[in-house]
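Heads up: the sequence shown begins at 385 in our numbering, then just goes up one per residue. Every residue gets a Cβ at the ideal spot worked out from N, C-alpha and C, and that includes glycine. Note that this is a predicted model, so its numbers are computed, not measured.
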Amino acid sequence: MFDDGATYTANQLCAQAERLAGHLRTLITAGERVAIALGNRAEYVVAFLAVLANRGVAVSLPPDIGPHDARFAIEDAGCVLAVTEPRSDAVLRGLIGSTTSLRAVIEAQDQEPFGFEHLLGDVTPLPLAEVEAPLDDLVDIGYTSGTTGLPKALGGRHAETLRYMDVHLRRRRRTDAMRMLMPLQLHYGDPLTFLFAAMCTGDSLVLMRKFSASRFWDVARTSGATEILTIGSVPNLLLGRPESPADRDHSIQHATALAIPRDHHAELERRFGFPWSETYGSSESGPAISMPPHVAAEFVGSGALGIPLPDVKARLVDPDGRVVEGAGSGELELAGEIVFDGYLHNPEATAEVLHDGWLRTGDLMHRDGRGVFYFEGRRKELIRRSGINIAPAEVEAVLRRHPTVLDAAVVPVEDPVMGEEIKAYVELVPGAAFDPARLVDFCTKRLTRQKVPRYIEQRVEAFPRTPSQRIPKKELMVNGRHTTDAAWDRSRSQP
């Protein structure tokens, strides 16, 4: 169900998926890629299942994707078809004829869950139960940012989805039916996996169309949700609301969260009345480390992530590549039932993270004497804004395209709500006027919303340079950190 009360059963979704799958038989063949740029609505699930029924590959894109990101994903994945809604239709439709692969676009209209009905007519459905596919079939592609700048393609297979579902189902805390409240978008990946798990168990999933801290507990109460999953800034946003009796007027019994704010962990449990348990994973690894429920209370406020899941091997490696035994600190590497076998058509990026059967996570961890892991920081030069990894080089590349910008350097700055925010230093061409609002508008038209800088600071002097002409970003710091005192702030400049 959705936070506005719209409710659909698994049978209803599957029936619509079978009808759309019958239509797609005339548009795609096995292995062809289909972009799905839909928000949190029933048709996302319908389209995803319909693509898989034809043994196609779903390429998940945000519905507010900009033309720069859309073109890259369509061309990189080789999408032949795009499924859109009004927010994404013009951007994707505008790529037909200007990319080498995209042949057609189909739009989901407003009559949820029948948004594809205008296409179907008397189509013969393709029964999902009759579809046969190998376990190692590629089923979806997502994109993750990295230090190289451009996003990298992550291919998911049936085995990966089944492993994630298995981890979730084995960690289920209750024997009766659960109802998970999910504030994330379907294209993020986790909600879809939890939905598939719910279809197997008879559980329910409650999706927010769009996360709202002011409505969160009203949704929890009216939906009868029993569990929540959060990432990034969600806990801080909930704590930022004024305390209210509604904070405990709900049926939530447990929260699973990625990146619980350590200093506010106890306050989360006191205020909202249920335990919050940490878990750790990445796009490459899937779920990897989790806090065992029977000891979770002992570690509240410690910043502990937990211990490796039973099917995962974890080790720490020092800067010289030596394995750290026992208690100590180092970069986390993972192995075992990690399905990730490399980035699609990107052997260089794959070689950076995979070696000898181990996945380099780029995350620095501490392990105590009991084998419990604690996050210490990231080796990778990534900005992690509200749980989303953003590559500075990708934002810099767009800024450099503006006619007034000579060069740009993008860095993270600490933020109590988002974890990290995006700051851009810009050096202008001689004689150009500094117009940060116009730069933001330029970025907004070319980047996904999460990647648009909040802070922009003009460099009145030329950037410092290394011998290789790179900008040493540490030299831009003031007293060891990137400050915002002299920067234009987008959030204060918009109504």
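Among residues of its own chain, excluding the 5 on either side of Arg409, which ones have a beta-carbon nearer than 8 Å to its beta-carbon?
-> Contacts found: Asn438 and Leu510.
Straight-line gap, Val464 to Gly753 (C-alpha atoms, nearest Å) | A straight-line Cα-Cα distance of about 52 Å links Val464 and Gly753.
Strand pairing of Arg541, partner residues [DSSP] | According to DSSP, which records beta bridges pairwise, Arg541 is partnered with Leu522.
Option nearest Glu721 by Cα separation, candidates Phe500, Phe656, Arg547 and Ala474 = Of the candidates Phe500, Phe656, Arg547 and Ala474, the one whose C-alpha sits nearest the C-alpha of Glu721 is Arg547.
Based on the DSSP secondary-structure assignment, which residues constitute the bridge partners of Glu798?
-> Glu804.
Are Arg554 and Asp520 closer than 7 Å when you measure CB to CB?
-> Cβ distance not < 7 Å, so Arg554 and Asp520 don't count as in contact.
Compare the Cα-Cα distances from Asn773 to each of Ala390, Lys536, Glu501 and Phe432 and report the closest residue.
-> Relative to the Cα of Asn773, the nearest Cα in the group Ala390, Lys536, Glu501 and Phe432 belongs to Lys536.
Find out if the Cβ-Cβ distance for the pair Ile840, Pro814 is shorter than 7 Å.
-> No, they are not a contact pair.
Pick helix, strand or coil for Phe724, following the three-state DSSP scheme.
-> Phe724 falls in the coil class under three-state DSSP.
Using the Cα positions of Arg599 and Met385, report the straight-line distance between them to the nearest angstrom.
-> Note on geometry: alpha-carbon atoms of Arg599 and Met385 lie some 16 Å from one another.
With respect to the alpha helix (DSSP H) encompassing Val679, which residues constitute its N-terminal and C-terminal limits?
-> DSSP places Val679 outside any alpha helix (DSSP H), giving it a letter other than H or E.
Looking at the unbroken alpha helix (DSSP H) that takes in Glu491, where does it start and where does it end?
-> DSSP places Glu491 outside any alpha helix (DSSP H); the residue lies instead in the beta strand (DSSP E), whose first and last residues are Ala488 to Glu491.
Proximity to Ala454 [Cα-Cα], best of Ala816, Ile806, Pro692 and Asp473 = Ranked by Cα distance from Ala454, the first of Ala816, Ile806, Pro692 and Asp473 is Asp473.
What are the residues that DSSP puts in a beta bridge with Lys536?
-> Looking at the DSSP assignment, Lys536 forms a beta bridge with Thr528.
Should Thr640 go down as buried or exposed, given a rule of 16 or more other Cβ atoms within 10 Å for buried?
-> Here Thr640 is buried: its Cβ has 16 or more other Cβ atoms, across all protein chains shown, within 10 Å.
Run through DSSP, which three-state label would Met562 get?
-> Met562 falls in the coil class under three-state DSSP.
Can you give me the start and stop residues for the beta strand (DSSP E) that Asp747 sits inside?
-> Trp742 to Arg751 is the span of the beta strand (DSSP E), which, as asked, contains Asp747.
CA-to-CA distance, Pro671 to Ala733, given in whole angstroms | Whole-angstrom Cα-Cα distance: 21 Å.
Express the C-alpha separation of Ile855 and Gly665 in angstroms, rounding to a whole number.
-> Gly665 and Ile855: Cα-Cα distance of roughly 31 Å.
Across which residues does DSSP place His739 in a beta bridge pair?
-> Answer by DSSP bridge pairing, in chain order: Trp742.
Hey, which unbroken runs of the beta strand (DSSP E) at 3 residues or more fall wholly within the segment 692–723?
-> The qualifying runs are 696–701 and 712–720.
Assign Glu805 to one of two classes, buried (16 or more other C-beta atoms within 10 Å of its C-beta) or exposed (fewer than that).
-> By the 10 Å Cβ count, Glu805 comes out buried.
With a 10 Å radius around its C-beta and 16 neighbouring C-beta atoms as the bar for buried, classify Pro731 as buried or exposed.
-> Exposed.
Would you identify the three-state DSSP class for Asn863, choosing helix, strand or coil?
-> Reduced to three states, the DSSP call for Asn863 is coil.
Val679 versus Ser661, Ser667 and Phe500, residue with shortest Cα-Cα distance = For the residues Ser661, Ser667 and Phe500, the minimum Cα distance to Val679 belongs to Ser661.
Between Ala421 and Thr468, which are expected to be in contact by the criterion C-beta below 8 Å, what is the C-beta distance as a whole number of angstroms?
-> Between Thr468 and Ala421 the Cβ distance is about 5 Å, and since that is below 8 Å, they are a contact.
With burial defined as no fewer than 16 other Cβ atoms inside 10 Å of the residue's Cβ, what is the status of Pro518: buried or exposed?
-> Exposed is the call here.
For Thr577, three-class secondary structure by DSSP = Correct three-state label for Thr577: helix.
If you check the beta carbons only, do Phe658 and His638 fall under 7 Å apart?
-> Against a cut-off of 7 Å, the Cβ pair of His638 and Phe658 comes out as a contact.
Per DSSP, which one or two residues make a beta bridge with Asp873?
-> According to DSSP, Asp873 bridges with Tyr839.
Tell me whether Gly710 is buried or exposed, calling it buried when 16 or more other Cβ atoms sit within 10 Å of its Cβ.
-> Counting the other CB atoms within 10 Å of its CB gives Gly710 a total below 16, which places it among the exposed residues.
Report yes or no: do the segment 684–691 and the segment 711–718 share at least 3 C-beta pairs separated by less than 8 Å?
-> They do not touch, by the three-pair rule.
7 Å Cβ cutoff met for Val443 and Ala419 | In this structure, Ala419 lies closer than 7 Å to Val443 by Cβ.
Identify which residue in Glu798, Asp387 and Ser669 has its Cα closest to the Cα of Asp747.
-> Ranking Glu798, Asp387 and Ser669 by Cα distance to Asp747 puts Ser669 first.
Looking at Ala777 and Arg880, is the spacing between their C-beta atoms short of 7 Å?
-> Since the first residue of the chain shown is 385 and the last is 879, residue 880 is not available in this structure.
Leu613 versus Leu589 - alpha carbon distance = For the pair Leu613 and Leu589, the Cα-to-Cα distance works out to about 11 Å.
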